[in-house]
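**Student:**
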Amino acid sequence: MKIPWVLTALVVVAGASGQSLDLKSLDKLSDKAKDVTVNLDGSLLKFAAKFLSNDDPDQAKVKKLVAELKGIYVRTYEFESEGEYSEADLAPIRSQLRSPGWSRIVGVHSKKEHDNAEVYLNSGGSEPGGLVIVCANPKELVVVNIVGKIDLDELSELGGNFSIPKVDVDKSKSLKPDTKKDD
Amino acid sequence: MSHLEDDLRAALRRQEPPADFAERVLARLNQAPEPSWRERLSVLMHPPRVQWVAVAVMVSILLPTAAVQYRKDMEKGERAKQQLLFAMHVAGNRLHQAQKKVLESSRL
Chain A
1 MKIPWVLTAL VVVAGASGQS LDLKSLDKLS DKAKDVTVNL DGSLLKFAAK
51 FLSNDDPDQA KVKKLVAELK GIYVRTYEFE SEGEYSEADL APIRSQLRSP
101 GWSRIVGVHS KKEHDNAEVY LNSGGSEPGG LVIVCANPKE LVVVNIVGKI
151 DLDELSELGG NFSIPKVDVD KSKSLKPDTK KDD
Chain B
1001 MSHLEDDLRA ALRRQEPPAD FAERVLARLN QAPEPSWRER LSVLMHPPRV
1051 QWVAVAVMVS ILLPTAAVQY RKDMEKGERA KQQLLFAMHV AGNRLHQAQK
1101 KVLESSRL
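Listed in order, the protein sequences are those of chains A and B.
Residues in the first sequence are numbered consecutively from 1, following my numbering.
Residues in the second sequence are numbered consecutively from 1001, following my numbering.
Next up, the structure:
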């Protein structure tokens, strides 16, 4: 079921490469967690999009969505136990998100499950930004940074209906320098 | 034996060329026809065998190299595609979850 986006910002217009966050502060968490890192900059994104099939409905949707993107950066960490990362690890990222242009459009904090989800947009001025999603719970941390023009409804729809199998990102064959190899 | 020597000596004795010999040779040289454009083109189109060998060697080196490069590009593209699908899946999924939580909290 398609849930209508409750916010008015249906389309994030973002184009400047300057809106990609510096996520290096998270690198040290790789030693403590099962992690996946994806760094797709503009050229690699275009290259990857060429390999998407128009015949596959899901891939065709992705192809349409990424057409105007300038970059996608993802960090996911799954920890064995709670307390292996702290708010301090996220502080440098939050600091960047406090800079002009960025605004938090969603902030959900579940006290019961200690589950937090935040969505930030940068769409201000002549230097439009991008989208950042930060999801954190005691044993998992996910940070997504999308730079470029993207339809949030369509992106959310992908999350609800995307039928691709779990993608195994083979980190031993990571795309240097774009994909970090973990241990 | 001396008969043979006499014959050889007679056969190899120096003889002066006719007086107009040099003129006739020069005249013949001047009369030698130049190769036509077709003959020249034919030479270009049919290079010596050694050139064909060089071409074959180059092709045998370049073709496998190009094939390897093509395969590497395809592998790189396929990996990038997998990463893109994964990234979009994660982004869409997390956005969808946040959206659901906002709706749930707004209903409370």
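C-beta: ideal position from N, C-alpha, C; glycine also.
Since the model is a prediction, treat every value here as computed from it, not as a measurement.
1) Grab me the residues of Leu97(A)'s own chain with a C-beta within less than 8 Å of its C-beta, minus the 5 sequence neighbours each way, in chain order.
2) With DSSP run on the structure shown, which of helix, strand or coil describes Gly83(A)?
3) What residue from Ser53(A), Val74(A), Glu87(A) and Lys50(A) has the CA that sits closest to Val36(A)'s CA?
4) Can you pull out the residues from the segment 46–57 of chain A whose beta carbon lies closer than 8 Å to at least one beta carbon of chain B?
5) Spatial neighbours of Val167(A) within its chain, please: C-beta separation below 6 Å, excluding the five flanking residues on both sides.
6) Can the beta-carbon of Gly148(A) be found closer than 9 Å to that of Glu82(A)?
7) Roughly how many whole angstroms lie between the Cα atoms of Gly101(A) and Lys64(A)?
8) Which residues mark the beginning and the end of the beta strand (DSSP E) in which Asn1030(B) is found?
9) In the DSSP output, what is Asp58(A) paired with across the bridge?
10) Per the contact definition of three or more C-beta pairs closer than 8 Å, is the segment 1089–1105 of chain B in contact with the segment 134–143 of chain A?
11) So, does the segment 83–95 of chain A touch the segment 52–59 of chain A, judging by three or more C-beta pairs under 8 Å?
12) Taking 9 Å as the cut-off, decide whether the C-beta atoms of Ala967(B) and Val106(A) are in contact.
13) Using a beta-carbon distance cut-off of less than 9 Å, what residues from the segment 1075–1088 of chain B approach chain A?
14) Can you list the residues of chain B that Ala117(A) reaches, using a CB-CB cut of under 8 Å?
15) Just mark Arg1079(B) as buried or exposed, buried being the case when its beta carbon has 16 or more other beta carbons within 10 Å.
16) Just checking: is the beta-carbon of Val1068(B) within a distance shorter than 9 Å of some beta-carbon in chain A?
17) Could you check how far apart the C-beta atoms of Tyr77(A) and Glu118(A) are, in whole angstroms? I think they sit under 8 Å.
18) If you measure beta-carbon to beta-carbon, which residues of the segment 142–162 of chain A are closer than 8 Å to chain B?
19) Tell me the rounded alpha-carbon separation between Leu1029(B) and Arg1013(B).
20) Contact criterion: CB-CB distance below 9 Å. Does Leu97(A) meet it with respect to chain B?
21) What did DSSP end up calling Arg75(A) once you bin it into helix, strand or coil?
22) Kindly indicate if chain B contains any beta-carbon less than 9 Å away from that of Leu40(A).
**Tutor:** With the structure as the only source:
1) Mapped onto the first sequence, residue 97(A) falls at position 97. Only Leu21, Arg104, Tyr120 and Val132 meet the Cβ criterion.
2) Mapped onto the first sequence, residue 83(A) falls at position 83. Looking at Gly83(A) - three-state DSSP - the assignment turns out to be coil, as it is neither helix nor strand.
3) Here residue 36(A) is taken as the residue at index 36 of the first sequence, counted from 1. Considering only alpha carbons, the answer is Val74(A).
4) Here the close residues are Phe47, Ala48, Ala49, Lys50, Phe51 and Leu52.
5) Counted from its first residue, the first sequence places residue 167(A) at position 167. Note that Val167(A) scores a pLDDT of 44, beneath 50, so its modelled location is shaky and nothing firm can be said.
6) Within the first sequence, the letter at position 148 stands for residue 148(A). Within the first sequence, the letter at position 82 stands for residue 82(A). In this structure, Glu82(A) does not lie closer than 9 Å to Gly148(A) by Cβ.
7) Translated into positions along the first sequence, residue 101(A) becomes position 101. Translated into positions along the first sequence, residue 64(A) becomes position 64. Whole-angstrom Cα-Cα distance: 26 Å.
8) For the purposes of this step, residue 1030(B) is identified with residue 30 of the second sequence, where counting begins at 1. Counting along the chain, Asn1030(B) falls outside any beta strand (DSSP E), though it belongs to the alpha helix (DSSP H) covering Phe1021 to Gln1031.
9) Along the first sequence, one-based indexing puts residue 58(A) at 58. DSSP lists no partner for Asp58(A).
10) Cβ pair count under 8 Å is three or more, so yes.
11) Contact between the segment 83–95 of chain A and the segment 52–59 of chain A is absent: fewer than three C-beta pairs spanning the two stretches fall below 8 Å.
12) Residue 967(B) is absent from the structure shown; chain B starts at 1001 and stops at 1108.
13) Cβ proximity to chain A below 9 Å picks out Glu1075, Lys1076, Gly1077, Glu1078, Arg1079, Ala1080, Lys1081, Gln1082, Gln1083, Leu1084, Leu1085, Phe1086, Ala1087 and Met1088 from the segment 1075–1088 of chain B.
14) Translated into the one-based positions of the first sequence, residue 117(A) becomes position 117. Near Ala117(A) (Cβ distances below 8 Å), the residues of chain B are Arg1094, Gln1097, Ala1098 and Lys1101.
15) Here residue 1079(B) is taken as the residue at index 79 of the second sequence, counted from 1. That one is buried.
16) Against the second sequence, residue 1068(B) aligns to sequence position 68. Not one chain A Cβ lies under 9 Å of Val1068(B).
17) For the purposes of this step, residue 77(A) is identified with residue 77 of the first sequence, where counting begins at 1. For the purposes of this step, residue 118(A) is identified with residue 118 of the first sequence, where counting begins at 1. Incorrect: roughly 16 Å between the Cβ atoms, too far for contact.
18) Val142, Val144, Ile146, Leu152, Leu155, Ser156, Glu157, Leu158, Gly159, Gly160 and Phe162
19) Position 29 of the second sequence holds residue 1029(B). Position 13 of the second sequence holds residue 1013(B). Distance between the alpha carbons of Leu1029(B) and Arg1013(B): 28 Å.
20) On the first sequence, residue 97(A) is found 97 positions in, with the first residue counted as 1. No - not a single Cβ of chain B is within 9 Å of the one on Leu97(A).
21) Counting from 1 along the first sequence, the entry for residue 75(A) is found at position 75. Reduced to three states, the DSSP call for Arg75(A) is strand.
22) Sequence index remark: in the first sequence, residue 40(A) carries index 40 (1-based). Closer than 9 Å to some Cβ of chain B, the Cβ of Leu40(A) qualifies, so yes.
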